[in-house]
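J.: Protein chains in written order, with our numbering: chain X, 455 to 1004; chain L, 34 to 376.
Cβ atoms here follow ideal geometry from the backbone N, Cα and C, with glycine treated the same way.
As the structure is a computational prediction, the values presented were derived from the model and not from experiment.
Following this message is one structure expressed as structure tokens.
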């Protein structure tokens, strides 16, 4: 009796329940509305298309995840191990691909490699060479895999790097002392240790690919997300769409379960009183240059070429009259993104801390459940959110409150949807921050008489500050890039940089996407830069840690 | 501790402030639009200048906007639903989100076959889906009909968009109506057999494929050729100059026409303003602007067509089908595409 009462009054448990309820409500409304009578359309989909959907989705996701990991893991390894030329700039720049939405990258590369693009036009003009005569063509599947790999690898890179930075100094030194070479210690010791963090990054990449619509629809690749779209919006067949959504959710839960399993079975607890960061050492000239070359190559394909193409379009389409409108669009999305990110991070911090204070099985499972918003296609979530808010609005009206959530005029619906969708990112960031800190500090504080909330705010929050900041940045950047939710849930006259890009791309006027796309990338890059500065100044302000490093 | 809670609360308060937007009190009309054209913006501004009625716009993809209006129910603020494609207009009608409307101005401006027979929507502009061919490798005498493109003589010479494209779905929907489902299936399979590459890209990419020598013929909407010829990207202009256009089926069923239009939403709170906006868009200056800026055909027969379109000839024969068929046959069309292997 007393316990359940305290659950309601406890702010942590309250936040936990709030997150779970917020995420579940749109899906409950979807389930209610999807209960339409079955039809012959489903038989058609099952007979003619399902196999393609399953195979293409699997192929795309697995190869995308594989290539992204093949880029992300080595990058994390060399940036932690070696102080190669240009490392400090490169280490920061490698986060930048997150600022480039995959669909924009896809448009750019498709144009660039196409007939009128720079690649072929250049060959024609300067060499008189027409590659089409040799059957040059862009194969959709490998191309889409390439796009996902170069835009999403930072998820793997960041998570693996965070792991290596914190746990590896003594380990690495010991493996080397015991006679292992750099390669051997990577494959023999670190790769197994890194497995959980690789799995964590890979899961995020997989979720992004599974819920993508922009890239796959552009290349005519049929995945579950495009199938749900075409069933629901093309054939007005909510029932088949619901069936496929359930299948997609099944895949997502399996993936999440695998991830959990990997974390549990592969996790080696490193028990050490002094966890020191690995100090990068100066490699031989050859190795150093090889590292720089690899990083620059990755940056070339993920950032330099796309941004270069945007600037070359900008020279064609520069129009000062567009600026005030785009400025307004930028203000719209930045203020909504800030608001939504704040909500998301508050929910995430509260939920994670609740599962630490009350680590019962249902609490953990519910928190895990609350991360599903990230893995469903945006448009599916959007429909659930509209139904939910319409219901609230109607309920308000029947009680005489007519202006309650006048949903087409405020960004409330949009901000709520962003929070539901990106809760998972914030949650994972905070969770990984806590898992690095462990329980010892909190337990010490509790032993010394501090209450749970005081312990959190005075002891643990400063310790996981960096995790919260990086979660904030990841969520913010993801919202800046987001398209389907924004398109469907925005209020009147509310345009964002993303919708401007979409409008121009839809009308096939590619050179005009330059300015809004550059603004998206600039805002995201500025945010990432500020966060990394905060990170640095924070480490500098903790002398005891630095002493430990020496 | 307390300070930190205060910080948290102030963040929450900030979020709520961001969420609230002042309510408008002046006369207004709320448009849910799936037309993403720059020129629309200009026309709305002109309308506001002329009448003092503010135009609020939510733009998005048509099926999603229909779904949004449905879910918002009787409290939806939407007055006007605007979109491209006859099938989508019909599906909005069938979804029950529109109401019939008529006015003397609308009746006078739009010929009967360019609006819904029950008055649920009215056309604003039209566009034709035509055959685009290589000036170098194809002589116009070799071209005749859509159906002819499935003939083995075009093997390896055609490129198309993915079957997710609404414009091809509507074309196939009309072929199902005119030739029957079996013939339409044979046609889709014939096209797939003749493809030079897997379906991909947008309309302009098909013309670029011809310029690149990948294919000889493709299907495109008229306004895309107009826009390519007037593109800011010189490479795109060069590509467009390598192709020419052909109005198919002149001796048989006529060229496939599609339409963009507007419908009054069922629970429209600003009905009169919405009708005023439609009448404004159908008036001659606006119709002329739509045509000259966007290379669409005006629905108002008295309005002046863009010079480029005139140079192509405006008295071509069109399919005289009810646009409702585009919607009614849409699912069949998608299924035929799937069975025919048109990805």
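Closer than 6 Å: is that where the CB of residue 361 of chain L sits relative to any heavy atom of the ligand COA?
T.: In the structure on display, the ligand COA does not appear, and there are no ligands present to speak of.
J.: For a contact meaning CB atoms closer than 8 Å, what does residue 570 of chain X contact in chain L?
T.: Locating residue 570 of chain X in the first chain gives position 116, counting from the first residue. The answer, in chain order, is 241, 244, 266, 268, 269, 271, 272.
J.: Quick check on residue 656 of chain X: does DSSP put it in helix, strand or coil?
T.: For the purposes of this step, residue 656 of chain X is taken as the residue at position 202 of the first chain. In this structure, residue 656 of chain X counts as helix in the three-state DSSP scheme.
J.: I'd like to check one pair, residue 798 of chain X with residue 877 of chain X: are the Cβ atoms closer than 7 Å?
T.: As a first step, residue 877 of chain X must be located in the first chain, where it is residue number 423. As a first step, residue 798 of chain X must be located in the first chain, where it is residue number 344. Taking 7 Å as the Cβ cut-off, residue 877 of chain X and residue 798 of chain X qualify as a contacting pair.
J.: Using the Cα positions of residue 735 of chain X and residue 544 of chain X, report the straight-line distance between them to the nearest angstrom.
T.: Counting from one through the first chain, the residue named residue 735 of chain X turns up at place 281. Counting from one through the first chain, the residue named residue 544 of chain X turns up at place 90. Whole-angstrom Cα-Cα distance: 16 Å.
J.: According to DSSP, is residue 198 of chain L part of a helix, a strand, or is it coil?
T.: Numbered from 1 along the second chain, position 165 holds the residue referred to as residue 198 of chain L. Of the three classes helix, strand and coil, the one that applies to residue 198 of chain L here is coil, per DSSP.
J.: Tell me the DSSP secondary structure of residue 282 of chain L in three-state form.
T.: The sequence position of residue 282 of chain L within the second chain is 249, counting from 1. DSSP places residue 282 of chain L in coil when its eight states are reduced to three.
J.: For residue 89 of chain L, go through chain X and note every residue whose CB falls closer than 9 Å to its CB, in chain order.
T.: Taking the second chain and counting its residues from 1, the one referred to as residue 89 of chain L is at position 56. Under the 9 Å cutoff, chain X gives 862, 863, 945, 946, 947.
J.: Please report how far the alpha carbon of residue 737 of chain X lies from the alpha carbon of residue 642 of chain X, in whole angstroms.
T.: Counting from one through the first chain, the residue named residue 737 of chain X turns up at place 283. Counting from one through the first chain, the residue named residue 642 of chain X turns up at place 188. Taking the straight line joining both Cα atoms gives about 21 Å.
J.: Quick one: which residues of the region 108 to 130 of chain L get their C-beta closer than 7 Å to a C-beta of chain X? List them in chain order.
T.: Correct list: 108, 110, 124.
J.: Identify every residue that forms a DSSP beta bridge with residue 288 of chain L.
T.: By 1-based counting over the second chain, the position of residue 288 of chain L is 255. Beta-bridge pairing links residue 288 of chain L to L:351.
J.: Which residue spans inside the region 745 to 803 of chain X form an unbroken alpha helix (DSSP H) run of at least 4?
T.: Complete alpha helix (DSSP H) runs here, min 4: 759 to 771.
J.: For residue 191 of chain L, does the three-state DSSP call read helix, strand or coil?
T.: Along the second chain, read from residue 1 onward, the residue named residue 191 of chain L stands at position 158. The answer is strand: DSSP assigns residue 191 of chain L an E or B state.
J.: Secondary structure at residue 569 of chain X, three-state DSSP: helix, strand or coil?
T.: As a position in the first chain, residue 569 of chain X is number 115, starting the count at 1. Residue 569 of chain X falls in the coil class under three-state DSSP.
J.: Taking 7 Å as the threshold (C-beta atoms), are residue 951 of chain X and residue 787 of chain X in contact?
T.: Locating residue 787 of chain X in the first chain gives position 333, counting from the first residue. Locating residue 951 of chain X in the first chain gives position 497, counting from the first residue. Contact: yes.
J.: Between which two residues does the beta strand (DSSP E) carrying residue 161 of chain L extend?
T.: Along the second chain, read from residue 1 onward, the residue named residue 161 of chain L stands at position 128. Element bounds for residue 161 of chain L: 155 to 167.
J.: Please give me, in chain order, every unbroken run of the beta strand (DSSP E) with length at least 3 that falls completely inside the region 192 to 263 of chain L.
T.: Whole beta strand (DSSP E) segments, 3+ residues: 250 to 254.
J.: Within 10 angstroms of its Cβ, does residue 637 of chain X collect 16 or more other Cβ (buried), or is it exposed?
T.: Sequence index remark: in the first chain, residue 637 of chain X carries index 183 (1-based). Answer is exposed; the Cβ neighbour count stays below 16.
J.: From the beta carbon of residue 170 of chain L, is the nearest beta carbon of chain X less than 7 Å away?
T.: Position 137 of the second chain, counting from 1, holds the residue named residue 170 of chain L. Cβ-Cβ to chain X under 7 Å: no for residue 170 of chain L.
J.: Got a sec: which bits of the region 917 to 939 of chain X sit with their beta carbon under 7 Å from any beta carbon on chain L, in order along the chain?
T.: Per Cβ criterion, the list is empty.
J.: Since residue 91 of chain L is in the beta strand (DSSP E), which residue starts that stretch and which ends it?
T.: Here residue 91 of chain L refers to the residue found at position 58 when the second chain is read from its first residue. Taken as a continuous stretch (DSSP letters only), the beta strand (DSSP E) holding residue 91 of chain L covers 87 to 92.
J.: Here's the rule I'm using: 16 or more other beta-carbon atoms within 10 Å means buried, otherwise exposed. How should residue 309 of chain L be labelled?
T.: One-based indexing of the second chain puts residue 309 of chain L at position 276. The residue is buried, with at least 16 neighbouring Cβ atoms inside 10 Å.
J.: Out of L:82, L:315, L:302, L:348, which has the shortest C-alpha to C-alpha gap to residue 111 of chain L?
T.: In the second chain, counting from the first residue as 1, residue 111 of chain L sits at position 78. The residue with the shortest Cα to Cα distance from residue 111 of chain L is L:302.
J.: For chain X, check one thing: does any of its Cβ atoms lie closer than 7 Å to the Cβ of residue 233 of chain L?
T.: Counted from its first residue, the second chain places residue 233 of chain L at position 200. Residue 233 of chain L counts as touching chain X.
J.: Check whether the Cβ atoms of residue 242 of chain L and residue 192 of chain L lie closer than 7 Å to each other.
T.: Looking up residue 242 of chain L in the second chain gives position 209. Looking up residue 192 of chain L in the second chain gives position 159. Cβ distance < 7 Å, so residue 242 of chain L and residue 192 of chain L count as in contact.
J.: Looking at chain L, is there any beta carbon in it that lies within less than 7 Å of the beta carbon of residue 687 of chain X?
T.: Position 233 of the first chain holds residue 687 of chain X. Yes, contact with chain L.
J.: Would you please state the rounded distance, in angstroms, between the beta carbons of residue 918 of chain X and residue 887 of chain X? I believe it to be under 8 Å.
T.: Within the first chain, the letter at position 464 stands for residue 918 of chain X. Within the first chain, the letter at position 433 stands for residue 887 of chain X. Between residue 887 of chain X and residue 918 of chain X the Cβ distance is about 4 Å, and since that is below 8 Å, they are a contact.
J.: Roughly how many angstroms lie between the CA atoms of residue 160 of chain L and residue 368 of chain L, to the nearest whole one?
T.: Working through the second chain from its first residue, we reach residue 160 of chain L at position 127. Working through the second chain from its first residue, we reach residue 368 of chain L at position 335. If I take the Cα positions, the gap works out to 25 Å.
J.: Cβ of residue 97 of chain L less than 7 Å from any chain X Cβ?
T.: For this step, residue 97 of chain L is matched to residue 64 along the second chain. Closer than 7 Å to some Cβ of chain X, the Cβ of residue 97 of chain L qualifies, so yes.
J.: Does the region 70 to 81 of chain L come close enough to the region 309 to 319 of chain L to have 3 or more Cβ pairs within less than 8 Å?
T.: Yes, the region 70 to 81 of chain L touches the region 309 to 319 of chain L.
J.: Show which residues of chain L have a CB atom less than 7 Å away from the CB atom of residue 476 of chain X.
T.: What you label residue 476 of chain X is simply residue 22 of the first chain in a count that begins at 1. The contacting residues do not exist; residue 476 of chain X stays about 14 Å from chain L at best.
J.: Can you grab the Cα-Cα spacing for the pair residue 804 of chain X / residue 785 of chain X, in whole Å?
T.: Taking the first residue of the first chain as position 1, residue 804 of chain X is located at position 350. Taking the first residue of the first chain as position 1, residue 785 of chain X is located at position 331. Going by the C-alpha atoms only, they are around 29 Å apart.
J.: Quick one, are the C-beta atoms of residue 351 of chain L and residue 287 of chain L less than 7 Å apart?
T.: Within the second chain, the letter at position 318 stands for residue 351 of chain L. Within the second chain, the letter at position 254 stands for residue 287 of chain L. For residue 351 of chain L and residue 287 of chain L, yes; Cβs fall inside 7 Å.
J.: CB-CB under 7 Å to residue 807 of chain X, same chain, minus the five flanking residues each way: which ones, in chain order?
T.: In the first chain, the residue the question calls residue 807 of chain X occupies position 353. 466, 910, listed in sequence order.
J.: Let's test the definition: count the other Cβ atoms within 10 Å of the Cβ of residue 55 of chain L and tell me whether it reaches 16, buried, or not, exposed.
T.: Start at 1 with the first residue of the second chain, and residue 55 of chain L comes out as number 22. With a pLDDT of only 41 at residue 55 of chain L, under the threshold of 50, the placement of this residue in the model should not be trusted; the figure read from the coordinates follows. Exposed, by the Cβ-count rule.
J.: With 16 as the cutoff for other CB atoms within 10 Å, does residue 894 of chain X come out buried or exposed?
T.: Numbered from 1 along the first chain, position 440 holds the residue referred to as residue 894 of chain X. With fewer than 16 Cβ atoms within 10 Å of its Cβ, residue 894 of chain X is classed as exposed.
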